[in-house]
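Right, here's the structure in full:
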């Protein structure tokens, strides 16, 4: 492999290289410890250096150096892993370079020519290389080392790698950090001491950047209760971001599939690359900032200036282009940003090529002028193609008209900047069932009412109308600091629905899905699921004192919206708190608008909030705790356990303070939420705690603190609200208002923005990712403890052994998910199911794990015997084994009595284990997912388990000829390799012979009383089908009888009962002692832990 020429001052530094060939200008060297004469102390030192040093040329065992006779400086120009490879390079130099070098007069010219030639070769190789990495050859070598050192399956995708130090105790180990799709790996080799670390991303509890006295800056990883620190990284921030993205990817894919399914770009684990992760992260930030639909991806970014008419100057920022949107954000991100849907663009013009500018004209007689765009021509063509606009001459008439309109607008902006008129964008007519917001129906505004509150409301409306005239109205409105100031002061009732739609991005969802809601309503009404039952139960609990929800109009609208959403997104279905939020949305938005607002909240603004485990809310509570520690140190000193605030604040996050504040105050909080997202809720939460700081510090217990906060929320008012008193008292009672000083919601929100407005959305998102790992692992640990508690009642394994078994079982589940897109185990994993059913194994996964753990090594992977075991312990025959079924089987084999172990083996050779088709496919497949849970079936199954009687040996059916032969083979397999193998084989043969003789004797004893052949039942045993002739005392008749019985024995079926088999085997001490011999389960668990990943590798 040709290398970019690097200067080397010492030809044989530390005598680590041996010269194989040389001439006037080149030297071929071999690394000591490789090839002939390798090993010993030199080989040990070389191995250490090859692990630590960063240069590829120092790692490869062969290299070629360039030098000139009058210089001591050497240049590395090639390296090779094998001697054949380096010889090819050497021969090429001899044939193509050596003759040419003789024409140069000076050494400098020789060196310059060689370096240029080598760089040209590298450039040519780069053109044909298909691997999209910064340095393909270097990456390929790293991938080979990764495969060699960690022995992971070949499907495992290496994403990137870094040189770093790993702190093992107080000693740093210099080595390499490898980041792959499913694993974090580290390797170091120092003076014979090898350090190897493999941690799967789904095992991480913490991932954060830290610093202390010894380590200025490092990356801290917590997994399996152990802390790991990585430092001395050249690009620490880049490394941390990639690690964070891979951990987040793994969490979404394996635990949080609802959000993962919304990211198709990351669906295939075999296609994950560093660039792909970076592109996905940028697209996610882009969508979050501009509140765009999940389908949008960031395609292009251009730096430019935008003419801002209301400020009369050009502002520097970035144009961000996606499939359907053109967005601009100023450099600081807060000064102004604008979103232009491609559907609104009518023309793209280039007024002056010298200024590298372009003008985008949109509906409503608006134009935006971008200047100093480096690649303005390509950007203009891209926008035109995405909008379906043609710049060709055949459309000259319409083009000229549009161009003239745009030019007049541009001239108007430049000549009269103080008189900018921005018109309102057109809106599509709503196709909802109800076309009016409930507030307009149940509380229409009285135009002639001139009381102070209504006058103030009119003044707010006027302020917003002035804002619209300056900054635009509708989808392409400018968002500025002034917009936020107006939000903080409060949105007028008449504009609330329109602004909520705009700020949340729901206006774009509704515009691009015309008629979608109406279709959903038609399809979902009349359906009966668990979600619809829960919705009906909660309909009358949603703002019950508000007049709108005391009538069928409001209740019906609420039912339609919630049912339609449950039908659209069955993964979420319906969760409590959705009814309260939707009720408030229906008050101010039309029914279809309320539906799209609910979509925006559940799927974009509050991800993972509304599901069974409310992961999103728990994560944001952890973020809230971090902010409390950072901003309210006095409170932290007094209340060291901040989990109290998590339990109290859960309803704040789930209902956006609607459940704790009066409705007229809560809507102001919702205004801020739709503009600033979760940041607004976090700020307000801090402000509430800060306002009650002294009271909370002086309280003695949690109950007193809860009372203080409840009194405070009851005292919050909205002095500017034009709503009548009946509506204002709809959400909570006002028992304490008379005795408690009232707090105006506008003042509280203003204080929250003033004190805590410096919290950045980027910091909140980073904290979310960091805390999500801990929250999910805590939930997983709770699940594990619950499962172990249930299973421990039925098995004799210790708690620590069950813990290890659960970890192995869960990891086996994930091993089937790591390298495939649609693993059956991954599809069946549903956190909404009962604890025992969350992780289950199909036959393939079960056979691999069972072969590692069963005590006698009689089941190989995917063997017929493994299939019989799988069928036997799959009690409900759903094709999946849960942890309890798995443990009960192992418990029988490890700790069961001789009778129970034998009974297990006996049942392996009876239906349903023995008789099903050999393809291993279970015909019955259970329905899974929310809305399809059959509660009656669960109750019936639970009742059957309670009433289930202990199976006795008399309940077992008899084993027939074919089954008994296979049973004998199974015993031979179990005994194979045992030190007493020979005596055990003889014992099995003796038992078999004895049982056959017993069967023959039994048949003869039953012969006199045998009923006529025509009256025998269908299930008559083989002994009852024997000949009826008695043996004679004469030799002739004896011979005849013997031959006749032998013929009958071979032609008729015979069978044995379990009691017969058990009694026969109990008479063989060798067999009894074998099955009663204890097997070390702890040793098996340790071996399985090491071999589990390798069994996948060697599959």
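Numbering (our numbering), first residue to last: 60 to 1158.
Don't be surprised by glycine CBs; every beta carbon is placed ideally from N, CA and C.
- Runs of beta strand (DSSP E) with 3 or more residues, each lying fully within the region 384-429, are found at 384-389, 395-400, 404-408, 417-421, listed in chain order.
- In the same chain as residue 1016, and ignoring 5 residues on each side of it, the C-beta atoms closer than 7 angstroms to its own belong to 969, in chain order.
- Between the region 526-535 and the region 345-353 there are fewer than three C-beta pairs closer than 8 angstroms, too few to call the two in contact.
- Pairing residue 137 with residue 126 gives a Cβ-Cβ distance that is not under 8 angstroms.
- Under the three-state reduction of DSSP, residue 756 is assigned to helix.
- Residue 679 and residue 265 have their C-alpha atoms some 16 angstroms from each other.
- Per DSSP, residue 958 lies in no beta strand (DSSP E) segment; the continuous alpha helix (DSSP H) that holds it begins and ends at 957-967.
- Contiguous beta strand (DSSP E) elements confined to the region 554-592 do not occur, taking only those with 3 or more residues.
- Residue nearest to residue 79 within the set 124, 848, 199, 954 is 124 (criterion: CA-CA distance).
- Spanning the alpha carbons of residue 408 and residue 419 requires a straight line of approximately 7 angstroms.
- Ranking 353, 446, 537, 389 by CA distance to the CA of residue 425 puts 537 first.
- Between the beta-carbon of residue 1117 and that of residue 962 there is about 7 angstroms, and that keeps the pair under the 8 angstroms contact cut.
- By the C-beta density criterion, residue 213 is exposed, having fewer than 16 other C-beta atoms within 10 angstroms.
- According to the DSSP assignment, residue 927 belongs to the alpha helix (DSSP H) that extends over 923-932.
- In this structure residue 731 is not in contact with residue 804, their Cβ atoms being roughly 10 angstroms apart against a cut-off of 8 angstroms.
- Residue 620 sits away from residue 669, with the two beta carbons spaced by 8 angstroms or more.
- Contact between the region 908-915 and the region 1143-1155 is present: three or more C-beta pairs spanning the two stretches fall below 8 angstroms.
- Taken through DSSP and simplified to helix, strand or coil, residue 648 comes out as coil.
- Counting along the chain, the unbroken beta strand (DSSP E) around residue 373 starts and ends at 372-380.
- Approximately 5 angstroms separates the beta-carbon atoms of residue 1042 and residue 1129; this is inside 8 angstroms, confirming the contact.
- Between residue 545 and residue 526, the CB-CB gap stays under 8 angstroms.
- With fewer than 16 neighbouring CB atoms inside 10 Å of its own CB, residue 372 falls in the exposed class.
- The residues 678, 679, 682, in chain order, have a CB closer than 8 angstroms to that of residue 827 in the same chain once the five nearest residues on each side in sequence are set aside.
- Contact annotation: the region 774-783 does not touch the region 683-701, with fewer than three C-beta pairs closer than 8 angstroms.
- Straight across, the Cα-Cα distance linking residue 861 with residue 283 is about 16 angstroms.
- Residues 742, 743, 746 of the same chain have their beta carbon placed closer than 6 angstroms to that of residue 811, with the five preceding and five following residues left out of the count.
- The three-state reading of DSSP puts residue 1016 in coil, since its state is none of H, G, I, E or B.
- With fewer than 16 other CB atoms across the displayed protein chains lying within 10 angstroms of its CB, residue 440 is exposed.
- A straight line joining the alpha-carbon of residue 572 with that of residue 201 spans about 48 angstroms.
- Classified as exposed, residue 230 has fewer than 16 neighbouring CB atoms from the shown chains inside 10 Å of its CB.
- Around the CB of residue 637, 16 or more other CB atoms lie within 10 Å, so the residue is classed as buried.
- For residue 941, the three-state secondary structure derived from DSSP is strand.
- Per DSSP, the unbroken beta strand (DSSP E) holding residue 280 starts and ends at 277-282.
- Taking the C-beta atoms as reference points, residue 952 is found no nearer than 8 angstroms to residue 943.
- Residue 139 counts as buried, since at least 16 other C-beta atoms from the protein chains shown sit within 10 angstroms of its C-beta.
- Secondary structure note for residue 244: its beta strand (DSSP E) is the uninterrupted segment 242-249.
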